[in-house]
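Residue numbers (my numbering), protein chains in the order written: chain A, -19 to 318; chain B, 2 to 275.
All C-beta atoms in this analysis are idealised placements derived from N, C-alpha and C, irrespective of residue type, glycine included.
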């Protein structure tokens, strides 16, 4: 946040995503013929700055989780590039990808399904260490697991226990310890606090922030909660129906949102200042099906600023200010006029 | 009320299965006589203090034969259930986890196999292998493979998409490791239930095949064998058939009751109520 977007980051982006598409085939009939595609991620490009947090924001079903899973190759992307160093993760065969997985970890939303109920906490945390040969012996790995658990706020006695003995917040800490165990550089945090109580949310967010500094981590933070975004994001990308509609630094997004969708999202955030009640933009209708996205701008059926042309013309991502890109021709015209 | 019934039938199942295993272990010690010894003067004797279950047409003590039959049934169950497990579980794991075309083909093949009555399929396999007791075990095992494969595949489909599986993959685990260490332990309880219920079915089907004369040597004290060699005396000397018949019925009933109980006990949705 201290660096403005104009000063280049020393090492540049850690991961560059280019035109990523993840389409799920929809199969029908006895012969399982492909009847269509769900365009969960449809042409996403992102620069994830090293040592920073890029927040990927959007409603549920907009494809943000699939985008995160595609970048980690937990889901196979249909096309596009995921550039990490000199490698394109999108194209790497699974066997060559495995050693690199050490650098790329994930923290899940649901702390109940993210831990294997049949493994002890020690086994869960040590799995990645065993695979990547971190630590000389089982004893050493166990000690490391204990240290990690302590670092994320759990006691030594957690090691031999099973997931069902822990609360949601504690399980999320275990998930964080598991991600840290392989000394990653990059972590996809997929709504890590959405299913937790508000009081625990703050603790986990603070923990993630501390760990980022301590281990020089880069986060892709997937969330629908703009309060969380404002608290810890450096960069923000807003996603709608598989596409990035606006991308900017955190301040830019909160000070001058340009896309009508971002404006609607922000107007829904409760203000901390009494009396400063802002105009609330209520979106009509539901998110359209990603199998049959609307023509032109995918947001036009719900957009308060839509014009006749929006249904026809494909929108392009235009850089209106330094580091501030918007996919909306109406916003672009208004901005150029002012 | 239902709960009590359940405990009761589970207890009966456990008692019957325990009785079965006791006779497996103690057949030698508990048998009053050598099950193969023929006494020409003691043919077709009704139950008495000397022969608790009577004797058969060759003057052999039925109690001794039934007790030794438990050993053979146990061996049949062990071999056939393990054959089915060794082939069916990896098949189901692979199909469920990898999915795709191969899964589609493998599952249609299973549908075809399941469309045959299992005894008919077993007879087909026996026809190819030739009649003997060990072939009965193999045939019964092979017939059960599709059942296990399908159950395991269905359970894998539930577990496969859970986050902890993704976490294992993100940690760099190979597919074999994911299947063996992450998925298998989480699909174990339906396998245990199926194997318990399958034990009863295997004993019954093996007895059926023996009854049809596919079990090899007629003097082997296998329960199905005993039924078929004595069936002409059923009307005049019913105990010769009742003894092995009840042995089969009670053993299969025991495994079925125990399996049903285990199914409910291991199901997390009903576990709290039991």
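*Can a CB atom of chain D be found closer than 8 angstroms to the CB of residue 58 (chain B)?*
Structure shown: chain D not included; protein chains present are A and B.
*asked:* Tell me whether the stretch 60 to 74 of chain B and the stretch 19 to 38 of chain B touch, counting them as touching only if at least three CB pairs, one residue from each stretch, are closer than 8 angstroms.
replied: Yes, the stretch 60 to 74 of chain B is in contact with the stretch 19 to 38 of chain B.
*Is the distance from the Cβ of residue 43 (chain A) to the Cβ of residue 13 (chain A) below 8 angstroms?*
No, these two residues do not count as a Cβ contact at 8 angstroms.
*asked:* Which residues of the stretch 183 to 213 of chain B have a Cβ closer than 7 angstroms to any Cβ of chain A? Give them in chain order.
replied: Answer set for the stretch 183 to 213 of chain B: 183, 186 and 187.
_Using a Cβ-Cβ cutoff of less than 6 angstroms, which residues in the same chain neighbour residue 283 (chain A) once the five nearest sequence positions on both sides are dropped?_
Short of 6 angstroms from the beta carbon of residue 283 (chain A), and not among the five residues preceding or following it, lie these beta carbons of its own chain, in chain order: 240.
*Scan the stretch 104 to 117 of chain A for residues whose Cβ lies nearer than 7 angstroms to a Cβ of chain B and list them as they occur along the chain.*
Correct list: 107, 108, 111 and 112.
*Give every residue of the same chain whose Cβ lies closer than 7 angstroms to the Cβ of residue 86 (chain B), excluding the five residues on either side of it in the sequence, and list them in chain order.*
Scanning its chain for C-beta atoms nearer than 7 angstroms, with the 5 sequence neighbours on each side dropped, one finds around residue 86 (chain B) the residues 149 and 196, in chain order.
*Expressed to the nearest angstrom, what Euclidean distance is found between the alpha-carbon atoms of residue -13 (chain A) and residue 95 (chain B)?*
At residue -13 (chain A) the pLDDT is 40, less than 50, meaning the model places this residue with poor confidence; the figure from the coordinates comes in the next sentence. Between the alpha carbons of residue -13 (chain A) and residue 95 (chain B) lies a gap of roughly 51 angstroms.
*Looking at the unbroken beta strand (DSSP E) that takes in residue 37 (chain B), where does it start and where does it end?*
From DSSP, residue 37 (chain B) is part of no beta strand (DSSP E); its letter is neither H nor E.
*Using the Cα positions of residue 68 (chain A) and residue 124 (chain A), report the straight-line distance between them to the nearest angstrom.*
One C-alpha to the other measures close to 32 angstroms.
*Assuming residue 45 (chain B) and residue 84 (chain B) make a contact with CB atoms under 8 angstroms, what is their CB distance in whole Å?*
Actually they are not in contact, since the Cβ atoms of residue 45 (chain B) and residue 84 (chain B) sit about 38 angstroms apart, beyond 8 angstroms.
_Presumed contact (8 angstroms Cβ cut-off) between residue 56 (chain B) and residue 43 (chain B), rounded CB distance_ = About 5 angstroms separates the two Cβ atoms, so the contact holds.
*Since residue 78 (chain B) contacts residue 181 (chain B) with CB under 8 angstroms, what's their CB separation in whole angstroms?*
Contact doesn't hold; Cβ gap of about 25 angstroms is too wide.
*asked:* Assuming residue 188 (chain A) and residue 34 (chain A) are in contact, meaning their beta carbons sit under 8 angstroms apart, how far apart are those beta carbons, in whole angstroms?
replied: Not a contact, Cβ separation roughly 14 angstroms.
_Test item: CB-CB of residue 25 (chain A) and residue -3 (chain A) under 8 angstroms_ = Taking 8 angstroms as the Cβ cut-off, residue 25 (chain A) and residue -3 (chain A) qualify as a contacting pair.
*What number of angstroms, rounded off, separates the C-alpha of residue 121 (chain B) from the C-alpha of residue 129 (chain A)?*
Near 58 angstroms, if we compare the C-alpha coordinates of residue 129 (chain A) and residue 121 (chain B).
_Through-space distance from residue 23 (chain A) to residue 1 (chain A), alpha-carbon basis_ = As the crow flies, the alpha-carbon of residue 1 (chain A) is around 5 angstroms from that of residue 23 (chain A).
*List the endpoints of the continuous alpha helix (DSSP H) containing residue 193 (chain A).*
Start and end: 178 to 195.
*Which of the three DSSP states, helix, strand or coil, is assigned to residue 301 (chain A)?*
Note: residue 301 (chain A) maps to strand in three-state DSSP.
_Extent of the continuous alpha helix (DSSP H) run through residue 138 (chain B)_ = Counting along the chain, the alpha helix (DSSP H) containing residue 138 (chain B) begins and ends at 134 to 161.
*Using a Cβ-Cβ cut-off of less than 7 angstroms, give me the residues of the stretch 97 to 119 of chain B that come near chain A, in sequence order.*
Cβ contacts with chain A come from 105.
*If you pair each beta-carbon of the stretch 90 to 104 of chain A with each one of the stretch 138 to 146 of chain A, do three or more pairs fall below 8 angstroms?*
The stretch 90 to 104 of chain A and the stretch 138 to 146 of chain A touch, with no fewer than 3 CB-CB distances between them shorter than 8 angstroms.
_Taking 7 angstroms as the limit between beta carbons, can you name the residues of its chain near residue -15 (chain A), skipping five residues before and five after?_
Only weak support exists for where residue -15 (chain A) lies, its pLDDT of 39 falling under 50; the value from the coordinates is given anyway. Same-chain partners within the cutoff: 229, 302 and 303.
*What is the DSSP secondary structure of residue 67 (chain A), reduced to helix, strand or coil?*
Strand at residue 67 (chain A).
*asked:* As a quick exercise: from A:294, A:127 and A:53, pick the residue whose alpha carbon is nearest that of residue 153 (chain A).
replied: For the residues A:294, A:127 and A:53, the minimum Cα distance to residue 153 (chain A) belongs to A:127.
*When we look at the beta-carbon of residue 7 (chain A) and count the other beta-carbons within 10 Å, is it buried (16 or more) or exposed?*
Classification for residue 7 (chain A): exposed.
*Whole-angstrom distance between residue 236 (chain A) and residue 266 (chain A), CA atom to CA atom*: Answer to the nearest angstrom: the Cα atoms are 25 angstroms apart.
*Please list the partners that residue 93 (chain B) has in chain A, where partner means a Cβ-to-Cβ separation under 8 angstroms.*
Listed along chain A, no residue sits closer than 8 angstroms to residue 93 (chain B) by beta-carbon distance, the nearest being about 18 angstroms off.
*When the Cα atoms are used, what is the spatial distance from residue 275 (chain A) to residue 17 (chain A)?*
Their Cα atoms are separated by approximately 16 angstroms.
_For a quick check, are the C-beta atoms of residue 172 (chain A) and residue 85 (chain A) less than 8 angstroms apart?_
No, these two residues do not count as a Cβ contact at 8 angstroms.
*Is there contact here, the stretch 69 to 78 of chain B with the stretch 247 to 260 of chain B, by at least three beta-carbon pairs under 8 angstroms?*
They touch, by the three-pair rule.
*Can you find a CB in chain A that lies within less than 8 angstroms of the CB of residue 172 (chain B)?*
At least one chain A Cβ lies under 8 angstroms of residue 172 (chain B).
*asked:* Looking at residue 267 (chain B): is its Cβ nearer than 8 angstroms to the Cβ of residue 194 (chain B)?
replied: A contact, by the Cβ cut-off of 8 angstroms.
_Residues, ordered as in the chain, of the stretch 66 to 80 of chain A that lie near chain B by beta-carbon distance below 9 angstroms_ = So the close ones are 74, 75, 77, 78, 79 and 80.
*In whole angstroms, what is the alpha-carbon distance linking residue 74 (chain B) and residue 169 (chain B)?*
Take the alpha-carbon of residue 74 (chain B) and the one of residue 169 (chain B): they are about 42 angstroms apart.
*Is the stretch 158 to 170 of chain A in contact with the stretch 111 to 121 of chain A, if contact means three or more CB pairs nearer than 8 angstroms?*
With a cut-off of 8 angstroms, the stretch 111 to 121 of chain A and the stretch 158 to 170 of chain A count as touching, because enough Cβ pairs lie within range.
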